[in-house]
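In full-length UniProt numbering, the protein residues as written are 1 to 491.
Glycine included, each C-beta is placed from N, C-alpha and C at the ideal position.
Note that the structure is a prediction, hence the values are computed from the model and not measured.
So the structure is just underneath, and the comments pick up after that.
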């Protein structure tokens, strides 16, 4: 089996025996029927069904039709552009709000496998292991969550003095056996944690102690692996909550309780040099950002569509301040498209024969969107204003007051129910717990905004130096004599 269907995917996840904790309850199995998880799993199932649709096969399947696009290794710019289009097609099915659609972590696994020679520098077995992880994922069409953040006790890069190191906080290697590594401690922050086939665990660069330097992938129902989920914000009414009722992903703390990781699953082990260069040398960072930027393009298209629909329903298009807000959203969309196109046009083949998008435009894209997304949300709120506060719900339209709502709540050219459904959708995107989480997610995607800006500053050293030299050459070539002005025109 190489490409799954939505039904097969759901049946496979239903058999998963992950240890998932939600609001004090331990859940083992049956996630596809649980109210907190079933909707997003069904949404992902639809993505797998799209892969099988004849109209989408050329885009959503690999060139040889042996896997979906997420596992294809781009070797040319055409391959890269195709991947971007496929990501946008999938993202459009969920309004760009699924941060962990299967292509995100699958992309990381694929890029790491393409770079197996990188890991083989520490031993040929490590390259073979990442290749094996990839091949199993392709064969079964697996989905992954991932984690690489250590839990903070404070904002310091270390734990308080006197901390009992016999009881680890951040997940670390506490033992090694003939069978594999033993990991104990915790990691943040696994979106869709517990409801994917496997979890990809990447090294955190926060600590340099070799006990924290490892990379592996294991099944989500591995013994001792535990997912502590935040309370779900999934709603039941699609009318009232069209997004959170379908696309609530959930986030989890990952606890490793003396988890045995087989050696065959380890692709990085106690190697500081390989850890420090992992994301840059393999192209993994560039591909993670490329997937995200394409998703964010689609999300911005949706925000623009919601804004224009709201303006039309309210009949306020003629106002210049309204046009200005819509234009600002258009600028954001075109900027994000520009970042993606720039990364594609400047893509180059790396040492592992992988076509890697240019990372500088993608670093700029993530930083730009961190600052811009909250503004896009704010503009929607400003356009709708009090409509979001007094919006009726689905039950109101099935009650005796429905006729009054139709009279007093209707739009300029729509029924009251149609207008309310739009209002509820925008409200769900921007003001509910789901919407607030979306804003926080985009604001901090790929790290603290200040650190993201700082990393871009340092990444741009060659370009900055070249542009500075250009200015210096110009200034040095200026004539030393004062330019004589022709005064004849004054007479």
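Let's see if you can read the secondary structure: which residues bound the alpha helix (DSSP H) around residue 217?
Counting along the chain, residue 217 falls outside any alpha helix (DSSP H), though it belongs to the beta strand (DSSP E) covering 214-219.
If you follow the alpha helix (DSSP H) that residue 359 is part of, which residue opens it and which one closes it?
359-384
What is the DSSP secondary structure of residue 355, reduced to helix, strand or coil?
strand
Give a yes or no on whether the C-beta atoms belonging to residue 315 and residue 252 are separated by under 8 Å.
no
Sequence-distant residues of its chain with Cβ nearer than 7 Å to residue 13 (five each side left out)
31, 32, 41 and 195
Whole-angstrom C-beta distance between residue 283 and residue 356, which should lie under 8 Å
4 Å
Which residue from 81, 150, 135 and 100 puts its Cα closest to that of residue 442?
100
Hey, residue 270 and residue 218: beta-carbon distance below 8 Å or not?
no
Please go through the stretch 383-433 and give each complete alpha helix (DSSP H) segment of 4 or more residues, from N-terminal end onward.
402-408 and 416-430
What whole-angstrom Cβ distance do residue 97 and residue 299 have, given they're in contact under 8 Å?
7 Å
Quick check: the Cα distance between residue 11 and residue 108, rounded to an integer number of angstroms?
25 Å
Going by alpha carbons, who is nearest to residue 306 out of 349, 383 and 318?
383
Please state if the CB of residue 47 and the CB of residue 93 are separated by a distance shorter than 8 Å.
yes
Is residue 72 helix, strand or coil by DSSP?
coil
Quick check on residue 485: buried or exposed, where buried means 16 or more other Cβ atoms within 10 Å of its Cβ?
exposed
When the Cα atoms are used, what is the spatial distance from residue 492 to residue 199?
Nothing about residue 492 can be reported from this structure: the residues present for the chain run from 1 to 491 only.
Apart from the five residues on each side of it in sequence, which residues of its chain come closer than 7 Å, Cβ to Cβ, to residue 111?
282, 283, 284, 287 and 354
Taking Cβ positions, are residue 144 and residue 424 nearer each other than 8 Å?
no
Which one of 402, 2, 331 and 22 has the shortest CA to CA distance from residue 62?
2
Is the stretch 200-219 touching the stretch 133-148, taking contact as three or more C-beta pairs under 8 Å?
yes
Based on DSSP bridge pairs, tell me the residues matched to residue 185.
256
To the nearest angstrom, how far is it from the Cα of residue 6 to the Cα of residue 402?
38 Å
Excluding five sequence neighbours on each side, which residues of the same chain lie with their C-beta closer than 8 Å to the C-beta of residue 179?
260, 262 and 263
Report the rounded CA-to-CA distance for residue 358 versus residue 280, giving the unit in angstroms.
11 Å
Quick check on the burial criterion: 16 or more other C-beta atoms within 10 angstroms. Buried or exposed for residue 363?
buried
Inspect the CB distances between the stretch 409-419 and the stretch 444-458 and report whether three or more fall short of 8 Å.
no
Contacts around residue 249, its chain only, beta-carbon distance under 8 Å, and the 5 residues preceding and following it disregarded:
40, 98, 99, 100, 191 and 192
Opening and closing residue of the beta strand (DSSP E) in which residue 21 lies:
19-22
Rounded to whole angstroms, what is the Cα-Cα separation between residue 120 and residue 129?
9 Å
Look up residue 180 in the DSSP assignment and give the residues it is bridged to.
262
Which one of 388, 142 and 369 has the shortest CA to CA distance from residue 336?
369
The alpha helix (DSSP H) with residue 87 in it runs from where to where?
77-92
Relative to the C-alpha of residue 274, which candidate in 322, 257, 116 and 256 has its C-alpha closest?
116
With 16 other CB atoms within 10 Å as the buried threshold, where does residue 70 fall?
buried
Cβ-based burial, residue 95 [other Cβ within 10 Å; buried from 16]:
buried
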